[in-house]
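Each residue of the sequence shown is one higher than the one before, starting from 0 at the first, in numbering that gives the first Met the number 0.
By construction, the Cβ of each residue, glycine as well, lies at the ideal position given by its N, Cα and C atoms.
Quick caveat, the model's predicted, so the values are computed rather than measured.
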Amino acid sequence: MGVLSNLGINTAKIHVNFSSEELIKLALETDDNSALSDTEALMVYSGKKTGRSPKDKRIVVEESTKENINWGEVNMPIDAASFEQSKVNAIHFFNQCKELYVLDGYAVWDKENRIKVRVICTKAYHALFMFNMLIRPSQQELETFGTPDYILYNAGATVADLSIKGITSNTSIQLSFEKKEILIFGTEYAGEMKKAIFSLLNYLMPLKQNLSMHCSANESAKGEVSLFFGLSGTGKTTLSADPHRKLIGDDEHIWNDHGISNIEGGCYAKVINLESAKEPEIYQAIRKGTILENVVYDPASNKVDYTNQSITENTRAAYPIEFISNAKIPCIGKHPNHIIFLTCDAFGVLPPISSLDSEQAQYHFISGYTAKVAGTEMGVTEPVATFSSCFGAAFMVWKPIVYAKLLAEKMNQHQTKVWLINTGWIGGGYGVGKRINLAYTRAMINAIHENLFQNVTFHTEPYFNLSIPESCPEIPNSILNPIDAWSNKDAYVAQAKKLKNLFDANYLKFQ
Numbered sequence: 000m001g002v003l004s005n006l007g008i009n010t011a012k013i014h015v016n017f018s019s020e021e022l023i024k025l026a027l028e029t030d031d032n033s034a035l036s037d038t039e040a041l042m043v044y045s046g047k048k049t050g051r052s053p054k055d056k057r058i059v060v061e062e063s064t065k066e067n068i069n070w071g072e073v074n075m076p077i078d079a080a081s082f083e084q085s086k087v088n089a090i091h092f093f094n095q096c097k098e099l100y101v102l103d104g105y106a107v108w109d110k111e112n113r114i115k116v117r118v119i120c121t122k123a124y125h126a127l128f129m130f131n132m133l134i135r136p137s138q139q140e141l142e143t144f145g146t147p148d149y150i151l152y153n154a155g156a157t158v159a160d161l162s163i164k165g166i167t168s169n170t171s172i173q174l175s176f177e178k179k180e181i182l183i184f185g186t187e188y189a190g191e192m193k194k195a196i197f198s199l200l201n202y203l204m205p206l207k208q209n210l211s212m213h214c215s216a217n218e219s220a221k222g223e224v225s226l227f228f229g230l231s232g233t234g235k236t237t238l239s240a241d242p243h244r245k246l247i248g249d250d251e252h253i254w255n256d257h258g259i260s261n262i263e264g265g266c267y268a269k270v271i272n273l274e275s276a277k278e279p280e281i282y283q284a285i286r287k288g289t290i291l292e293n294v295v296y297d298p299a300s301n302k303v304d305y306t307n308q309s310i311t312e313n314t315r316a317a318y319p320i321e322f323i324s325n326a327k328i329p330c331i332g333k334h335p336n337h338i339i340f341l342t343c344d345a346f347g348v349l350p351p352i353s354s355l356d357s358e359q360a361q362y363h364f365i366s367g368y369t370a371k372v373a374g375t376e377m378g379v380t381e382p383v384a385t386f387s388s389c390f391g392a393a394f395m396v397w398k399p400i401v402y403a404k405l406l407a408e409k410m411n412q413h414q415t416k417v418w419l420i421n422t423g424w425i426g427g428g429y430g431v432g433k434r435i436n437l438a439y440t441r442a443m444i445n446a447i448h449e450n451l452f453q454n455v456t457f458h459t460e461p462y463f464n465l466s467i468p469e470s471c472p473e474i475p476n477s478i479l480n481p482i483d484a485w486s487n488k489d490a491y492v493a494q495a496k497k498l499k500n501l502f503d504a505n506y507l508k509f510q
């Protein structure tokens, strides 16, 4: 009997829990688009899809779970019969393949909340990706792994069946919380697997009064933990990579009764424009065992050109977290002392640093604000406000208020301080002001970590009622209150009112 025969899968050759070295060798042998870089990382191409397909994600409507799910454009429904038919198709596809890969691993470091995941896929690089991203069991744990809690069927190399009700494109990602199964069709982008597991945990954790979070986490030598939340482009990866602090994780965590736990065993870092001087930890992690996804390289030297976006801007490296020299293993920590919400405010309205009370923390958490600079028809570039609840709306399953209340309960219980840091513009909006110096942002975060604001006076600004410190070491006082840095005070007032209106209009959706 084969390892998957109980699922109706009887593919002739099944590679079960192969090592990193074996999977790299198989990837090079079976995939013409793979090669080793000059630092021996495995370079792969994910095909037509080079990013996630959020419009193709579906959650199965099931009696036991349907009341809990925040149905809408993020969590779109599919019925159980459609899921079953899709699963039959996945198994049929697997049975036509010459070989399959099976990988067992854990999600969540904290053993009380750990889940056992089995991945079934058709590409060696996908198995290696999940080997890097899940928590790797020891040899003894593999021998006693037993029945997995959840199974991920990655049939991404075949398309979804458009005749099945609820499927609207060739790509389909389907989650059944009752069946404890995930199906993937029509995309070979590896990040889909990682985020499917995250969505799963975003459903499971609130059931146990645990908060699942889209954030990075690090820890001081004294064991003091900070969490960093922020949308793409706000500096989350850069600011949480601190040589004086250990990295607990770069992307997904839970906060439970014992403290913080990383969900993953690896990192999936953006590498567009990667430079060793700016991000040495990531640069040094790109070696044997690491996957480089959709990068462009010189075929003569196999040297990667990190500036080249011709395949995609979303180039990535996936590596085990221990490839980061100052990673904390096991990836768990105490209850956080500080939570830092990062925003890149291109309107130039929000202060570089402010302190939030419990109500404000919920408001800014539910808002999940940043601003992007987008081109308009006249060739003028102006900021566009972006809101993503819980700083990760695409992966949340319950209503945002569920996560926000858990956050407030936990921060109140553990006296966690919450800060809002603007890594965007000061002295004017985009095109008038300038982006705040990264060294200033680092100095503010250092001041938070060293508790240097304990004896500093704070004052409240009138638009968001944010508490702004009167001084901060290494920072000119003139930039701390945003209106002071604007030469045109009336323009600041107009811009501040405009941004507050955008916040309020967005927040109304959650009332």
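Enumerate in chain order the residues of its own chain whose CB-to-CB distance from residue i is below 6 Å, with the five nearest sequence positions on each side excluded.
i: Gly288; result: Ser19
i: Glu280; result: Ala240, Ile323
i: Ala316; result: Ala268, Val270, Ile285, Thr289, Leu291
i: Phe128; result: Ala189, Ile290, Ala317
i: Asn209; result: Ile253, Asn255
i: Ile181; result: Leu151, Leu174, Ala195
i: Glu177; result: Glu61, Ser63
i: Ala360; result: Val417
i: Lys122; result: none
i: Lys499; result: Tyr462
i: Ile420; result: Ile339, Leu341, Ile352
Measuring alpha carbon to alpha carbon, tell me which of the options ends up nearest residue i.
i: Leu119; options: Ile323, Asn500, Leu3, Gln453; result: One point to set straight first is that residue 119 is Ile, not Leu, in the sequence displayed. Of Ile323, Asn500, Leu3, Gln453, the residue nearest in Cα terms is Leu3.
i: His413; options: His337, Leu206, Asn67; result: His337
i: Ala345; options: Ile114, Thr385, Asn476, Gln95; result: Thr385
i: Ala159; options: Tyr152, Tyr149, Ser171; result: Ser171
i: Trp108; options: Ile281, Arg434, Ser211; result: Ser211
i: Glu142; options: Gly104, Val87, Thr157; result: Gly104
i: Lys277; options: Thr236, Asp250, Val224; result: Thr236
i: Ile8; options: Asn94, Ala407, Pro350; result: Asn94
i: Leu151; options: Asn261, Ala106, Ala40, Ile23; result: Ala106
i: Cys266; options: Leu133, Lys115, Ser486, Glu177; result: Leu133
i: Lys179; options: Ile114, Gln139, Lys221, Asn169; result: Ile114
i: Asn454; options: Ile444, Ser470, Met443, Arg441; result: Ser470
i: Glu263; options: Thr29, Lys164, Glu321, Leu498; result: Glu321
i: Gly46; options: Gly155, Asn261, Gly428; result: Gly155
i: Lys24; options: Leu226, Glu39, Thr10, Ala11; result: Glu39
i: Tyr44; options: Leu27, Gly222, Glu381, Gln138; result: Leu27
i: Ser357; options: Ala403, Pro329, Met395, Val383; result: Ala403
i: Lys258; options: Glu408, Pro335, Lys97, Phe92; result: It is Gly, not Lys, that sits at residue 258 in the sequence shown. The shortest C-alpha separation from Gly258 is found at Pro335.
i: Gln139; options: Ile478, Asn16, Lys371; result: Asn16
Looking only at its chain, what residues have a beta carbon closer than 8 Å to the beta carbon of residue i, apart from the 5 residues adjacent to it on each side?
i: Gln308; result: Ile271, Thr314
i: Tyr282; result: Leu273, Glu274, Ser275
i: Met0; result: Unreliable placement is indicated for Met0, whose pLDDT of 48 sits below 50; the coordinate value is still reported in the next sentence. So the list is empty, once near-sequence residues are dropped.
Count the other CB atoms within 10 Å of the CB of residue i; is the residue buried (16 or more) or exposed (fewer)?
i: Thr369; result: buried
i: Glu191; result: buried
i: Glu292; result: buried
i: Pro481; result: buried
i: Gln494; result: buried
i: Val348; result: buried
i: Asp489; result: exposed
i: Thr146; result: exposed
i: Thr415; result: buried
i: Thr375; result: Summary for Thr375: the model assigns pLDDT 48, below 50, so the residue's position carries little reliability; its value from the coordinates is reported in the next sentence. By the 10 Å Cβ count, Thr375 comes out exposed.
i: Glu187; result: buried
i: Phe509; result: exposed
i: Asp297; result: exposed
i: Lys54; result: exposed
i: Ser36; result: buried
i: Leu99; result: buried
i: Thr306; result: exposed
i: Gly428; result: buried
Please return the same chain residues whose Cβ sits closer than 7 Å to the Cβ of residue i, not counting the five positions on each side in sequence.
i: Glu218; result: Val224, Arg244, Lys245, Ile247, Lys327, Gly332
i: Asn547; result: Outside the displayed range of the chain (0 to 510) lies residue 547, so it cannot be described from this structure.
i: Ile90; result: Leu6, Gly7, Ile8
- [ ] At 4 residues or longer, and completely inside the stretch 417 to 448: list those alpha helix (DSSP H) runs for me, N to C.
- [x] Counting whole runs of 4 or more residues, the stretch 417 to 448 contains the alpha helix (DSSP H) stretches 437 to 448.
TODO: Jot down the residue ranges of each uninterrupted beta strand (DSSP E) in the stretch 232 to 307, minimum 3 residues, whole runs only, in chain order.
DONE: DSSP runs (the beta strand (DSSP E)) wholly in the stretch 232 to 307: 245 to 248, 251 to 254, 259 to 261, 265 to 269, 290 to 292, 295 to 297, 302 to 304.
Open item on the list: With three or more beta-carbon pairs closer than 8 Å as the criterion, would you say the stretch 83 to 102 touches the stretch 194 to 210?
Closed with: The stretch 83 to 102 is not in contact with the stretch 194 to 210.
Task: Cβ contact (3+ pairs, closer than 8 Å) linking the stretch 396 to 414 and the stretch 456 to 464 - done: In this structure the stretch 396 to 414 does not lie against the stretch 456 to 464, because fewer than three pairs of beta carbons, one per stretch, are closer than 8 Å.
Task: Segments assigned alpha helix (DSSP H), at least 4 residues, entirely inside the stretch 64 to 147 - done: Taking only runs of at least 4 residues, the alpha helix (DSSP H) segments lying wholly in the stretch 64 to 147 are 79 to 95, 123 to 132, 138 to 142.
- [ ] Quick one: which unbroken alpha helix (DSSP H) runs of 4-plus residues sit fully inside the stretch 179 to 230? Chain order, please.
- [x] With a minimum length of 4 residues, the continuous alpha helix (DSSP H) runs that stay inside the stretch 179 to 230 are 190 to 206.
- [ ] Please specify which runs of the alpha helix (DSSP H), each continuous and at least 4 residues long, are wholly inside the stretch 9 to 69, giving them in chain order.
- [x] Secondary structure in the stretch 9 to 69: the alpha helix (DSSP H) runs of 4 residues or longer, each lying completely within the stretch, are 19 to 29 in chain order.
TODO: Taking only runs that begin and end inside the stretch 339 to 409, name each unbroken beta strand (DSSP E) of 3 or more residues, in chain order.
DONE: DSSP runs (the beta strand (DSSP E)) wholly in the stretch 339 to 409: 352 to 355, 368 to 374, 380 to 386.
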